[in-house]
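Using the working numbering, the first residue of the sequence shown is number 66, and each one after it goes up by one.
For glycine and all other residues, C-beta sits at the position ideal for the given N, C-alpha and C.
Only a predicted model underlies this, so the values are computations on that prediction, with no experimental measurement involved.
All remarks here apply to the structure that follows.
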Amino acid sequence: MEILRPTSSLITPSFDHLAPLLPTPLHPQPPLLDMEDLYCILQIDPNDSFIALELAKRLRRRGKFADALRVLRGVLKIDYRFATLMQVGQLEYEMDFLEEAFGHLQDALLVAPNLDPSFFELFKTLGNIFVRRGDFDSAEDQYNRAHRLNPDSDVLYVNFGTLLIQRQKWDEASLRFRRALELNSRSDKAWVGLALCHRNKGDMELAWGNIEAALEYNPLNDVALGLAIDWGLRERRHFRVLELARKFLVQGGWNEKISLAFALLSWQRGDRHMAQLEMERLLAVNPSNENALKLAQEMRARAC
Numbered sequence: 066m067e068i069l070r071p072t073s074s075l076i077t078p079s080f081d082h083l084a085p086l087l088p089t090p091l092h093p094q095p096p097l098l099d100m101e102d103l104y105c106i107l108q109i110d111p112n113d114s115f116i117a118l119e120l121a122k123r124l125r126r127r128g129k130f131a132d133a134l135r136v137l138r139g140v141l142k143i144d145y146r147f148a149t150l151m152q153v154g155q156l157e158y159e160m161d162f163l164e165e166a167f168g169h170l171q172d173a174l175l176v177a178p179n180l181d182p183s184f185f186e187l188f189k190t191l192g193n194i195f196v197r198r199g200d201f202d203s204a205e206d207q208y209n210r211a212h213r214l215n216p217d218s219d220v221l222y223v224n225f226g227t228l229l230i231q232r233q234k235w236d237e238a239s240l241r242f243r244r245a246l247e248l249n250s251r252s253d254k255a256w257v258g259l260a261l262c263h264r265n266k267g268d269m270e271l272a273w274g275n276i277e278a279a280l281e282y283n284p285l286n287d288v289a290l291g292l293a294i295d296w297g298l299r300e301r302r303h304f305r306v307l308e309l310a311r312k313f314l315v316q317g318g319w320n321e322k323i324s325l326a327f328a329l330l331s332w333q334r335g336d337r338h339m340a341q342l343e344m345e346r347l348l349a350v351n352p353s354n355e356n357a358l359k360l361a362q363e364m365r366a367r368a369c
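Pasting the structure below:
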């Protein structure tokens, strides 16, 4: 249950309303250099893979994934080591470039001289890609290889559970999510998986409790909140849904559907000022959101 992050092209919304004895290195250690210094060094020596990898790491940390990927792909022209291929492949996967990620991760397997500790992440990510492709047998094979390297990974048990849901094996999936929670009771993704299993069995209250647990541990889990909004509206838990959406937005989460739901529920509960502010923020981020435009028009008509 990997959740993709937004690329740097998205607008970030405003939230106003809611050692001396060591030998001297060839160049300064990266923490002593700012971003401008790193760019300058690369202009002088484009083949300095050490600086390029540090620059990509910082860009990624700042959420500038497209810029980081551009730098990393440039590094591959001069540095085709396992570690570099892993960084490129992992970032490509997070940005949803599945075919490119698959190719670079497969190349990483070929150039690695021995079994590397990073192989766990490699096998896990390859398994995720196979799940996305619908090749569940290959996904299971990759997850099993990862499991042999780290049998106590709660993240991997969540992935196993997700795979079993795809195969409609709900009882087995439930066991995997429970095992993940035994290893890490704060795993919001495991709580979401368990919620889906209970919902499938008709255990609505247990499912809702699981979703609440997921959002308690991670209020910014937009998958959990999306389910909470969907189920809450069907079951007329409007006030609870509104509070969960408010918490998500106040803490810096961003999702257009959640923003729209928050504005609509605020309007329906009579908080027209809050609804108007949220609609203005949503349309500032995406002026062409058709549902938001329709709601804004309806709000203006009723205000007259």
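Asked                                                                                                                 : Found
N300 versus Q108 - alpha carbon distance                                                                              : The sequence shown places Glu at residue 300, not Asn. E300 and Q108: Cα-Cα distance of roughly 59 Å.
K266 - DSSP class collapsed to helix/strand/coil                                                                      : coil
Beta-carbon proximity check, G154 vs L170, cutoff 7 Å                                                                 : yes
Neighbourhood of A133 by C-beta distance below 7 Å, restricted to the same chain and skipping five residues each side : A121, L124, R125, L156
Opening and closing residue of the alpha helix (DSSP H) in which I323 lies                                            : 321–333
Residue burial classification, S250 (beta-carbon count within 10 angstroms, cutoff 16)                                : exposed
A148 versus E164: straight-line alpha-carbon distance, rounded                                                        : 19 Å
Between the CA atoms of N275 and F324 - distance to the nearest angstrom                                              : Correcting the residue identity first, residue 324 is Ser in this sequence and not Phe. Spanning the two alpha carbons is a distance of roughly 23 Å.
Length of the line joining the Cα atoms of R243 and D295                                                              : 24 Å
CB of A328 within 7 Å of CB of A310, strictly                                                                         : no
Secondary structure of Q362, DSSP reduced to three states                                                             : helix
Euclidean distance between Cα positions of D110 and M160                                                              : 28 Å
Runs of alpha helix (DSSP H) wholly within the stretch 170–238 (minimum 4 residues, chain order)                      : 184–198, 201–214, 219–231
Delimiting residues of the alpha helix (DSSP H) encompassing Q108                                                     : 100–109
Cα-Cα separation, L285 to N193                                                                                        : 22 Å
Same chain, Cβ closer than 8 Å to E321, five either side skipped, listed in chain order                               : L347, V350, N351, N354, A357
Backbone CA spacing between T227 and S252 [nearest angstrom]                                                          : 14 Å
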